[in-house]
DNA sequence: TTGAGCCGTGCAATCGATTGCCGATGTCCC
DNA sequence: GGGACATCGGCAATCGATTGCACGGCTCAA
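Chains as they are written, first to last, in the UniProt record's numbering: chain A, 1 to 330; chain B, 1 to 330.
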């Protein structure tokens with residue numbers, strides 16, 4: 001029997017006679033034969049692997065997004081290869097080229113920087129299907145799944161105004177991610193709208209890490225009276241902020257209101273639990289995988305943008321100020 | 001000019017004449033040529049990729065271990081492909097086979113379960129170099145890099161005894177990971193030695209997550225008087241425990257001492273900051289990569305085990321109970 | 001009986017890069 | 001000048017699976 005016959009039967013390309021098929025299958029099982037995916041990939045020009053590049057696997061938001069994505073891909077028989085860009089566009093570019101050189105059929109990426117990630121991203125997109133997820137580069141025309149940051153921030157600011165804030169600080173990341181840009185713009189726009197003013201020196205930008213949240217707390221404490229609220233553009237920042245303030249004897253929500261963003265697990269478990277904006281991670285992942293499949297099927301289709309809305313989750317860290325009864329964890 | 005010549009010059013296999021080399025290089029640059037790693041892999045039987053399988057990318061300990069590993073691999077020109085086993089031996093086995101089928105030159109793994117991970121792990125190790133990292137399966141004879149859990153737990157128990165604990169609870173994971181086994185054994189052994197007793201119903205096993213830490217807190221609060229100390233075999237557990245206790249008005253270290261394990265970033269930022277055992281992640285990663293390289297170079301070499309020691313980091317969650325000011329003039 | 005059509009099977013080309021081997025050319029020294 | 005030796009470049013085989021094409025055998029209808 002020729003290898004051609006065996007190949008066809010194992011891959012299901014042609015049924016073959018029942019008898020031959022049975023022979024092939026038992027032989028394959030007995031020998032423990034499982035193709036050679038490299039040879040297969042060379043011939044088929046398809047690997048069954050999808051790459052995902054995230055800015056930082058140290059951020060629980062991205063790891064949980066990865067988990068969702070992986071779940072959806074597994075349902076389609078695809079493997080996920082995860083790469084960490086460590087918030088560095090150059091490292092990100094390296095990851096992209098190494099993924100591109102024949103290892104993956106498609107790429108999901110949350111680009112580190114809305115400007116500095118563009119070149120590598122566009123070069124990659126010219127070679128292999130790419131879908132941007134959560135973050136995106138400015139002015140690219142590919143497929144993307146994003147959060148409606150403007151709407152999200154509106155919810156946050158509205159909520160803070162509701163509970164009595166009229167001044168706020170904004171803690172975010174310096175790195176030029178689309179999230180950072182849009183959230184800053186949103187805070188300024190809706191702050192004006194809802195009467196929550198943000199002094200220029202109360203915009204504190206660093207990184208999306210616990211540590212920067214804590215440092216920002218130190219900085220706020222060092223530079224005069226606290227604002228009514230501290231809006232953090234990421235839950236890690238909010239946790240770092242709340243914890244560090246507490247270490248210095250300043251407590252949310254009695255002394256200052258603090259809000260986060262993303263709704264990572266930790267946000268509901270800290271004391272106080274943290275008000276945040278929940279991103280619809282599951283839907284984001286599902287849409288991203290769907291877009292990737294669509295583009296793989298038809299590489300020439302026009303790029304599309306899916307914009308999803310978040311949900312405000314009010315917790316203890318922004319409980320109404322003169323309202324003694326603490327809100328429990330939601 | 002033949003492809004053979006170009007191939008040799010680009011791969012550095014032979015220098016070629018200066019003139020030819022220059023021609024090849026400029027042509028390659030102008031055309032943007034970058035091999036086809038699949039074809040190369042087929043011929044060379046080497047991909048330049050290393051796989052890493054961790055029990056959960058939701059656990060910061062593992063993500064930071066991954067970051068270290070990736071750093072070391074990058075230094076050797078290798079890519080890391082990360083897989084999440086989601087604490088499920090079956091999913092882990094699937095990941096292993098998909099990595100094995102020709103995608104990677106070697107695998108680093110922290111096996112989910114010391115028993116149920118064995119079959120897949122051994123099958124994999126028969127095909128491709130494998131190094132176990134942090135966790136390991138019982139009775140396998142491959143290479144591994146582990147923490148000296150017995151010594152580590154001794155440091156923790158000794159410290160708790162020092163600050164006055166005579167009774168303790170132990171919060172850990174049910175899943176049969178080697179870490180869970182060894183730490184439980186350690187707590188029992190050294191508890192006896194140092195006079196810290198652990199009631200059978202004060203061993204609480206669930207998962208290595210924040211949520212289980214919080215649930216375990218509820219359970220402790222529900223079942224009678226608290227022990228002097230709560231030893232957690234993972235920092236996420238300790239954070240969940242401390243936070244949940246605080247939500248219920250029980251504060252460490254005044255009401256109960258709490259210790260964690262791993263020393264993730266979060267442990268130093270919570271209020272109270274958490275006493276923990278720092279694992280030497282950087283060295284673990286370095287040793288694992290080194291072992292993998294050694295085994296790749298010589299697949300027949302005998303397996304070796306590298307055991308590293310941790311360091312106790314004493315913080316606020318176990319501050320001495322009736323001793324506000326450390327030794328000094330009274 | 002014959003031609004058309006279908007099915008199962010095998011041959012051989014193909015994917016793209018690497019590499020063993022060989023002939024050609026050049027260099028050096030006796 | 002001639003032989004030993006090193007260097008350079010190209011042919012063609014190779015990695016392992018997939019697949020276009022063709023061939024033999026079969027059924028079925030005219």
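Glycine residues also receive a C-beta, built at the ideal position from the N, C-alpha and C atoms.
No experiment lies behind these values; they were computed from the predicted model shown.
Residue 248 of chain A is classed as exposed because its beta carbon has fewer than 16 other beta carbons within 10 Å across all chains shown.
The alpha-carbon of residue 255 of chain A is positioned some 11 angstroms away from that of residue 319 of chain A.
Restricting attention to A:28, A:75, A:17 and A:55, the CA atom closest to the CA of residue 175 of chain A is found in A:55. By a beta-carbon distance limit of 8 angstroms, residue 132 of chain A does not contact residue 139 of chain A. Their separation comes to about 12 angstroms. At a cut-off of 8 angstroms between beta-carbon atoms, residue 108 of chain B makes no contact with chain A. When DSSP states are grouped into helix, strand and coil, residue 279 of chain B belongs to the coil group. Close to residue 271 of chain A, with beta-carbon spacing below 7 angstroms, are these residues of chain B in chain order: 243, 246 and 247. For residue 103 of chain B, the residues of chain A that pass the 7 angstroms Cβ criterion are 37, in the order they occur in the chain.
With its beta carbon less than 8 angstroms from one in chain A, residue 64 of chain B belongs to the interface. Note: residue 84 of chain B is bridge-paired with B:54 in the DSSP secondary-structure output. Bridge partners of residue 5 of chain B according to DSSP: none are assigned. In this structure residue 47 of chain A is buried. Its beta-carbon is surrounded by 16 or more other beta-carbon atoms within 10 angstroms. One alpha carbon belongs to residue 274 of chain B, the other to residue 316 of chain B, and they sit about 6 angstroms apart. Using a Cβ distance threshold of 8 angstroms, residue 38 of chain A and residue 123 of chain B do not count as a contacting pair. Contact annotation: in the region 209-222 of chain B, residues whose CB is within less than 9 angstroms of a CB in chain A are 209, 210, 211, 213 and 214.
Rounded to the nearest angstrom, the gap between the Cα atoms of residue 23 of chain B and residue 287 of chain A is 47 angstroms. For the UniProt domain "HTH lacI-type" (1-44) of chain A, residues whose beta-carbon sits nearer than 8 angstroms to a beta-carbon of chain B comprise 34, 35, 36, 37, 38, 39, 41 and 42. The beta carbon of residue 84 of chain A sits closer than 8 angstroms to some beta carbon of chain B.
A Cβ-Cβ separation of about 6 angstroms places residue 183 of chain B in contact with residue 172 of chain B under the 8 angstroms criterion. Residues are counted here when their Cβ sits less than 8 angstroms from a Cβ of chain A; for the region 149-181 of chain B the count is zero. Out of B:119, B:106 and B:73, the CA that lies nearest to the CA of residue 93 of chain B is found in B:119. As a beta-bridge residue in DSSP terms, residue 170 of chain A pairs with A:203 and A:231.
By the beta-carbon neighbour count (other beta carbons within 10 angstroms, threshold 16), residue 43 of chain B is exposed. Counting C-beta atoms within 10 angstroms of its own C-beta, residue 279 of chain B has 16 or more neighbours from the protein chains shown and is therefore classed as buried.
Using a CB distance cut-off of 8 angstroms, residue 115 of chain A does not count as an interface residue toward chain B. Between residue 225 of chain A and chain B, the shortest Cβ-Cβ separation is not below 8 angstroms.
Using a Cβ distance threshold of 8 angstroms, residue 262 of chain A and residue 218 of chain A do not count as a contacting pair. Taking all protein chains shown into account, residue 162 of chain A has fewer than 16 neighbouring C-beta atoms within 10 Å of its C-beta and is therefore exposed. Listed by position along chain A, the residues whose Cβ is nearer than 9 angstroms to that of residue 98 of chain B are 37, 48, 49 and 79. Closest in C-alpha terms to residue 282 of chain A, from the list A:18, A:32, A:36 and A:69, comes A:69.
In this structure, the alpha-carbon of residue 73 of chain B lies about 44 angstroms from that of residue 168 of chain A.
Nearest to residue 71 of chain A by alpha-carbon distance, out of B:117, B:85 and B:21, is B:85. Within chain B, the residues whose beta carbon sits less than 7 angstroms from that of residue 266 of chain A are 210, listed in sequence order. Those residues of the region 124-146 of chain A placed with their C-beta closer than 7 angstroms to a C-beta in chain B do not exist.
Using a Cβ-Cβ cut-off of 8 angstroms, residue 57 of chain A is close to 57, 63, 66, 67 and 82 of chain B, given in chain order. Residues of the same chain with a CB within less than 8 angstroms of the CB of residue 104 of chain A, apart from the 5 flanking positions on each side, are 47, 49, 50, 51, 81 and 128 in chain order.
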